[in-house]
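Contents: one structure, followed by commentary.
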Amino acid sequence: MKTLEESVKYTIRKKEHQISRLENSHFNESYDSLNKFLTNEKGRGSVALRIEYLSTWYHWNFIHNFISNDKLHYNALAKSNFYALECNNWRFLLGELVETFDSAISLTTSIKHLAQMLYLGQKERAVAYGNLLLKMLYGKQYDGGMFFPTHPWFMLELFCKWQGKKLEQKGTRYPDSLGVYERALDNWNTEDIRLVSDIIDDLTKFHIAQSDEDVTTDEHGNEFSPEFTKSNYFIFPVEILMWLSIRKDLGLPDYTPSPENKLMQMEINKLPEQSIPWPTDELVEKCKAKLKEDNPGVEFEL
Amino acid sequence: MLDKLDDLGDAAKAADKLEDISDGTKLLPPPKELGDVVHWDGVIRSTDEIFDPSKYKMLDGEKLGDFGESVVEGMLRKKEFGDYDTFYAVQNKSGNGVDIVATNKKGDVYIAEVKSTQQDKLWNNGNPRDIGLKGDQKTMGGKEYSEDRLDRAAQGDDGYTDGTSTEEAIKAQEAIENAKANGNKIEHKKIDVHVDNDGNLRDTPKVKDWKKPPKKKGK
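Residue numbers (our numbering), protein chains in the order written: chain V, 1 to 302; chain W, 1 to 219.
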């Protein structure tokens, strides 16, 4: 997108489209599929996919409620995080049971769910989830990741630095350069708040410029994506919010957006003052219990 | 070639769908499918058991990329190439996306990126040179690229807002998840289709694994 205004307009239009057109497939049919799994009418393979759709559905609603109604329903985002975690939890277990099962929510999206857990103050879940993502990075699910986009690597690096770990590049497709993110990583725990503000201004410009759902193509049909390809994130720069959440957890000085930084001045991009409780879903719990009952001796990772 | 088309020609004439079958190019806009396996993009595809590249020719005005994908679809429908019978149409408004996502009755899944060319230098007198991948198709590899595009289509992200692609992508995602959970075969391939300047398919398409770039060894 060229400007923040363009990002806002696009996001409003897209969330309205998704919520009005896809409620049946992503909400109604998803719960229906979970119920059908309990009665053996649906297989265990599609359960995780439907849990992922639920995560997406609540995310759309979180963004839509903010951008169209000026309301911050943190519980909707918490539900999105919950379903995302349970989706990968399910898939990781299936991967243990079936050699060919290597699915997971993409690393590019999963790392953002981790950031959202930190944003909502769900620290313990975030730590556990981050460790699962690292396992999947070196496992068959992510198989070493991809060179592009670069922001997931920045976020993984942040998580590791925060947790006192070293991100092992061997066996991955770690990019040769993290570009605009390198300065942020070099100064991730600085107490110089002016420096933090300068860096975030750069990251914000990059975020807006690199937000687009459309790809560019060449004459052979090859496609080229920017860094941020989902409109859920055009006005919600979770890579920056993840950094700020970690800084908050470490008790580092507060960040105040510069007067020019309209994106970071938006209410959605201020960290919630209180942590948001982790939700539950009885239906998901029943499905998990059934999967365990069908496969005695197995345990979920989370 | 005309001998092999006789039966189909009769059927089509009877249905008033065919203006002139004699040269295989002057066809009125035909049905995409006749029955189970017959395709009709410029020339009628046969129901032969074996894939025969000599039966494939581009229609005047047909896009090279569309022709290449229809050739691969015809090939995959043959028993020797896996007997795939369900093809999911997941393309964005520009006609890009996942070229081929197919399943067969066993539950196997076949995903392919199809690259088509009429360049003599790539045909290289019958020793074809690889049509290289670039961009996302290259950096992501087959698994990640196809999963990403199916995800975008399933969520109605831009380029995939027609509704049909979303429905098809959801079905394709379900098929893939079930195939993985049931231990079925899932293949990710890059397929080169070489076409001559008259629109004839030069040979059986060249199939290669569609892999991610190598991992880092150091550090």
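For glycine and all other residues, C-beta sits at the position ideal for the given N, C-alpha and C.
On a predicted model such as this, the values are computed, not experimentally measured, just so you know.
- Straight-line measurement puts the Cα of V/Leu-244 at about 14 Å from the Cα of V/Tyr-181.
- When DSSP reads this structure, V/Ser-211 sits in a beta bridge with V/Phe-228.
- Close to V/Asn-222, with beta-carbon spacing below 8 Å, are these residues of chain W in chain order: Leu-133, Lys-134, Gly-135, Asp-136, Gln-137, Lys-138.
- According to the DSSP secondary-structure assignment, W/Asp-192 is paired through a beta bridge with W/Lys-115, W/Lys-206.
- A direct Cα-to-Cα measurement between W/Gly-159 and W/Leu-150 gives close to 12 Å.
- In the three-state scheme derived from DSSP, where H, G and I count as helix and E and B as strand, W/Leu-201 is classed as strand.
- With at least 16 other beta carbons inside 10 angstroms of its own, V/Pro-175 counts as buried.
- Contact of V/Leu-203 with chain W is not assigned, every C-beta pair being separated by 9 Å or more.
- Assignment of V/Asn-131 by DSSP, reduced to helix, strand and coil, places it in the helix class.
- For W/Ile-170, the chain V residues whose Cβ falls inside 7 Å of its Cβ are Ser-25, in order along the chain.
- For W/Thr-86, the CB contacts under 6 Å within the same chain, skipping 5 residues up- and downstream, are Thr-103 in chain order.
- Around the C-beta of V/Ile-63, 16 or more other C-beta atoms lie within 10 Å, and the residue is accordingly described as buried.
- Cα atoms of V/Val-238 and V/Ile-246: separation of roughly 12 Å, rounded to the nearest angstrom.
- Every unbroken stretch of the alpha helix (DSSP H) spanning 4 or more residues and falling wholly within the region 102 to 149 of chain V is given here in chain order: 107 to 119, 123 to 138.
- Nearest C-alpha to V/Glu-157 among V/Glu-41, V/Ile-105, V/Arg-183: V/Arg-183.
- At the C-beta level, V/Gly-45 and V/Leu-114 stay beyond 9 Å of one another.
- Using a Cβ-Cβ cut-off of 7 Å, V/Ser-46 is close to Glu-174, Glu-177, Asn-178 of chain W, given in chain order.
- Taking 8 Å as the cut-off between beta carbons, the residues of the region 137 to 156 of chain V near chain W are Asp-143, Gly-144, Met-146, Phe-147, Phe-148, in sequence order.
- Within the same chain, Ile-67, Ile-235 come within 7 Å of V/Val-8 by CB-CB distance, once the 5 residues on both sides are set aside.
- A residue is called buried once 16 or more other Cβ atoms fall within 10 Å of its Cβ, and V/Arg-91 is buried on that count.
- At a beta-carbon threshold of 9 Å, none of the residues of chain V lie near W/Gln-91; the nearest stands roughly 10 Å away.
- Taking 9 Å as the cut-off, the Cβ atoms of W/Ala-179 and W/Asp-130 do not count as close.
- For V/Asn-187 against V/Ile-199, the beta-carbon gap comes to about 6 Å, under 8 Å, which counts as contact.
- Annotated three-state conformation of V/Asp-281 is coil, per DSSP.
- For W/Ala-181, the C-beta contacts it makes with chain V under 7 Å involve Gly-43, Arg-44, Gly-45, Leu-94, Val-98, Phe-101, in order along the chain.
- Neighbours of V/Gln-18 in chain W, taken as residues at a C-beta separation under 9 Å, are given in chain order as Gln-155, Gly-156, Asp-157.
- Residue state for W/Asn-184 is assigned as coil, using DSSP reduced to three classes.
- Between V/Tyr-53 and chain W, the shortest Cβ-Cβ separation is below 9 Å.
- Residues of chain V with a Cβ closer than 8 Å to the Cβ of W/Lys-212 are, in chain order, Asp-143, Gly-144, Met-146, Arg-173.
- V/Asn-189 and V/Phe-224 have their C-alpha atoms some 34 Å from each other.
- With at least 16 other beta carbons inside 10 angstroms of its own, W/Asp-148 counts as buried.
- For the C-beta of V/Thr-56, the chain W residues within less than 8 Å are, from N- to C-terminus, Gln-155.
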